[in-house]
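Engineer:
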Amino acid sequence: MDCVIQTHDLGKTYGDFAALQSLNLKVPPHSIFGFLGPNGAGKSTTIKLLLGLARPTSGTASIFGMDIQRDSAQIRNRIGYLAQDPRYYDDMTARETMRFTARFFFQGPKRKIEDRIEETLELVGLTDKADRHIKGFSGGERQRLGIAQAQVNYPDLLILDEPAASLDPMGRRDVLEVMERLRKHTTIFYSTHILSDVQRVSDSVAILNHGKLIAQAPIDELLTGDGGVVYSLVVKGEGASTRERLLHQSWVTSVALKPVNGTTELEVSTTDESTAEARLLRMALDDPGTIVTEFGRHKYNLEEVFVQLVEGGSPDDNRK
Ligand code: ADP
Numbered sequence: 124m125d126c127v128i129q130t131h132d133l134g135k136t137y138g139d140f141a142a143l144q145s146l147n148l149k150v151p152p153h154s155i156f157g158f159l160g161p162n163g164a165g166k167s168t169t170i171k172l173l174l175g176l177a178r179p180t181s182g183t184a185s186i187f188g189m190d191i192q193r194d195s196a197q198i199r200n201r202i203g204y205l206a207q208d209p210r211y212y213d214d215m216t217a218r219e220t221m222r223f224t225a226r227f228f229f230q231g232p233k234r235k236i237e238d239r240i241e242e243t244l245e246l247v248g249l250t251d252k253a254d255r256h257i258k259g260f261s262g263g264e265r266q267r268l269g270i271a272q273a274q275v276n277y278p279d280l281l282i283l284d285e286p287a288a289s290l291d292p293m294g295r296r297d298v299l300e301v302m303e304r305l306r307k308h309t310t311i312f313y314s315t316h317i318l319s320d321v322q323r324v325s326d327s328v329a330i331l332n333h334g335k336l337i338a339q340a341p342i343d344e345l346l347t348g349d350g351g352v353v354y355s356l357v358v359k360g361e362g363a364s365t366r367e368r369l370l371h372q373s374w375v376t377s378v379a380l381k382p383v384n385g386t387t388e389l390e391v392s393t394t395d396e397s398t399a400e401a402r403l404l405r406m407a408l409d410d411p412g413t414i415v416t417e418f419g420r421h422k423y424n425l426e427e428v429f430v431q432l433v434e435g436g437s438p439d440d441n442r443k
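Using this note's numbering, read the sequence shown as starting at 124 and increasing by one per residue.
1. Where Thr250 and Glu241 are concerned, what is the direct C-alpha to C-alpha distance, given to the nearest angstrom?
2. Quick one: grab the DSSP three-state call for Asp343.
3. Taking 8 Å as the threshold, find out whether the stretch 362 to 371 comes into contact with the stretch 155 to 174 through three or more Cβ pairs.
4. Can you list, in chain order, the residues of its chain with a C-beta nearer than 8 Å to that of Asp254? Leave out the 5 residues immediately preceding and following it.
5. Report all residues from its chain with a CB closer than 6 Å to the CB of Gln339; omit the five preceding and five following residues, and keep chain order.
6. Based on DSSP bridge pairs, tell me the residues matched to Ser327.
7. Please report the distance separating the alpha-carbon of Thr376 from that of Ser154.
8. If we ignore side chains and look at the alpha-carbon of each, how far apart do Gly262 and Val383 end up?
9. In terms of alpha-carbon separation, which member of Thr224, Ser145, Leu159 lies closest to Ser322?
10. Does at least one heavy atom of the ligand ADP sit under 7 Å from the Cβ of Lys166?
11. Under DSSP, the alpha helix (DSSP H) around Leu143 begins and ends at which residues?
12. State the beta-bridge partners of Val375 as determined by DSSP.
13. So, is Lys381 buried or exposed, given that buried needs 16 or more other C-beta atoms within 10 angstroms?
14. Spatial neighbours of Lys149 within its chain, please: C-beta separation below 6 Å, excluding the five flanking residues on both sides.
15. Using C-beta distances below 7 Å, list every residue in its chain close to His421, excluding the 5 sequence neighbours before and after it, in chain order.
16. Are the Cβ atoms of Leu173 and Ile282 separated by less than 8 Å?
17. Starting from the C-beta of Pro232, find all residues in its chain whose C-beta is less than 8 Å away, skip the five residues before and the five after it, and write them out in chain order.
18. Nearest CA to the CA of Asp291: which residue from Gly163, Arg193, Asp190, Ile317?
19. Between His308 and chain D, is there a C-beta pair that is closer than 8 Å?
20. Kindly examine the ligand ADP and report whether one of its heavy atoms sits closer than 7 Å to the Cβ of Tyr204.
21. What do you reckon, is the C-beta of Gly134 under 7 Å from a heavy atom of the ligand ADP?
22. Distance, Cα to Cα, Phe229 vs Ile236?
23. Please confirm if the stretch 293 to 309 is in contact with the stretch 129 to 139, defined as three or more CB-CB distances below 8 Å between the two stretches.
24. Along the chain, which unbroken stretches of the alpha helix (DSSP H) at least 4 residues long are found entirely within the stretch 242 to 325?
25. Can you have a look at Tyr313 and say buried or exposed, based on whether 16 or more other CB atoms are within 10 angstroms of its CB?
26. Return yes when the Cβ of Gln274 is within less than 8 Å of the Cβ of Thr444, no when it is not.
27. Would Leu205 and Pro278 qualify as a contact pair, given that the criterion is a beta-carbon distance under 8 Å?
28. Please look up how many angstroms separate the CB atoms of Arg304 and Leu246, rounded, as I've assumed it's under 8 Å.
29. For Thr183, report the span of its beta strand (DSSP E) as first-last.
30. Ile414: which of Met293, Glu361, Ala401 sits nearest, CA to CA?
31. Is it buried or exposed, Lys359, if we count other Cβ atoms within 10 angstroms and call 16 or more buried?
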């Protein structure tokens with residue numbers, strides 16, 4: 124099986140409003156796949172379609188190679204799902220809540236079920252809170268309990284809808300750590316509008332805006348544009364001659380100039396990192412007319428990429 128989730132031109136309209144348009148997603152096994160987009164982009168709509176809770180108006184999708192409409196029941200047996208705002212019986216303890224959930228899945232011997240619950244609570248870091256009432260739980264603990272519920276059946280795919288959206292920084296950190304820990308057991312597809320979360324834990328990301336997919340890539344690739352690496356060389360003056368010389372090198376693919384306060388930053392993309400590291404700075408220093416003030420490897424922050432990508436889209440994009 125190549126992909127856990129694969130969609131083909133998947134779409135959903137409400138009246139004449141296209142909440143999702145021609146979505147083509149590929150989620151590889153054992154990835155933590157961040158589904159990123161501003162509010163209203165169509166993330167929850169996609170999740171509802173994948174879970175068989177809404178019907179697509181166009182296109183198809185498969186999960187584990189099975190059709191999301193025809194094989195929905197079979198697919199759902201193998202998925203763990205955490206809704207955006209999980210509700211609990213606040214007077215129950217975490218362990219009681221887990222027993223309640225586990226009963227849907229197992230008829231096995233009681234001891235085995237209790238072991239599974241213990242193990243899952245441990246995985247999400249709630250062992251010491253197992254016998255406390257949920258009403259005293261923090262936002263992060265509630266989310267982690269939700270992940271434990273979703274994970275108790277050992278699903279092959281976890282779908283989490285905005286798992287860290289409403290949390291404070293500590294709660295968010297704990298939830299992201301749990302996701303990282305779960306990676307070896309399952310594939311995680313989660314939606315979020317928080318850029319820094321994606322940067323922290325995802326290895327692949329798809330960006331949705333106004334119902335349209337605008338980018339999909341392994342995160343490192345997205346951050347460096349075309350999959351290469353960008354080096355930053357800051358020189359005094361205009362930098363035009365340095366640029367000219369660099370562009371003659373076979374390992375240089377492009378050089379962008381950014382003037383900053385009497386200096387110029389040259390952003391150099393390359394096909395060959397080791398040659399760039401061995402020669403780039405030396406080449407610049409060897410030119411007596413060039414004064415280098417800074418040299419480094421520039422890593423784009425996802426926010427820059429995201430803003431560039433979503434800029435230009437407008438709400439009218441949803442009208443058909
Ligand atoms: P996200 O999860 O990215 O915040 P949603 O998938 O919830 O976005 O919503 C995408 C768009 O579709 C929004 O503009 C929302 O108002 C609209 N939408 C969602 N569900 C419905 C519905 N049942 N009827 C009409 N419009 C809807």
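Built from N, CA and C at the ideal position, the CB exists for glycine as well.
Structural biologist: According to the data block:
1. In this model, Thr250 and Glu241 are separated by some 7 Å (Cα to Cα).
2. If DSSP states are grouped into helix, strand and coil, Asp343 belongs with the helices.
3. When C-beta atoms of the stretch 362 to 371 are compared with those of the stretch 155 to 174, fewer than three pairs fall below 8 Å, so the two segments do not count as touching.
4. Here Asp254 has Thr216, Ala217, Arg218 as same chain residues with Cβ atoms under 8 Å from its own Cβ, once five neighbours each way along the sequence are excluded.
5. Hits under 6 Å: Ala329.
6. Phe156, Pro341.
7. Inter-residue distance for Thr376 and Ser154 is about 30 Å (C-alpha atoms, whole angstroms).
8. Roughly 44 Å separates the two Cα atoms.
9. With the sequence shown as reference, residue 322 is identified as Gln, and Ser is not the correct amino acid for it. The shortest Cα separation from Gln322 among Thr224, Ser145, Leu159 belongs to Leu159.
10. Checking the Cβ of Lys166 against the ligand ADP gives yes.
11. Careful: Leu143 lies outside any alpha helix (DSSP H), inside the beta strand (DSSP E) at 140 to 146.
12. Thr393.
13. Exposed, because fewer than 16 other Cβ atoms sit within 10 Å of the Cβ of Lys381.
14. Cβ neighbours of Lys149 beyond the five flanking positions: Cys126, Gln129.
15. Taken in chain order, the residues that qualify are Val353, Tyr354, Ser355, Glu390.
16. Contact flag set, yes.
17. None.
18. For the residues Gly163, Arg193, Asp190, Ile317, the minimum Cα distance to Asp291 belongs to Ile317.
19. Looking at the structure shown, chain D is missing, and only one protein chain is on hand.
20. No, Cβ of Tyr204 sits at least 7 Å from all heavy atoms of the ligand ADP.
21. Gly134: no, Cβ never under 7 Å from the ligand ADP.
22. One Cα belongs to Phe229, the other to Ile236, and the distance between them is close to 7 Å.
23. No contact exists between the stretch 293 to 309 and the stretch 129 to 139.
24. Taking only runs of at least 4 residues, the alpha helix (DSSP H) segments lying wholly in the stretch 242 to 325 are 262 to 274, 292 to 305, 318 to 324.
25. Answer is buried; the Cβ neighbour count reaches 16.
26. Lying outside 124 to 443, the shown extent of the chain, residue 444 is not represented and no answer is given.
27. No. Outside cutoff.
28. Contact flag correct, Cβ pair sits at about 6 Å.
29. Per DSSP, Thr183 belongs to the beta strand (DSSP E) from 181 to 186.
30. Of Met293, Glu361, Ala401, the residue nearest in Cα terms is Glu361.
31. By the 16-neighbour rule on beta-carbons within 10 angstroms, Lys359 is exposed.
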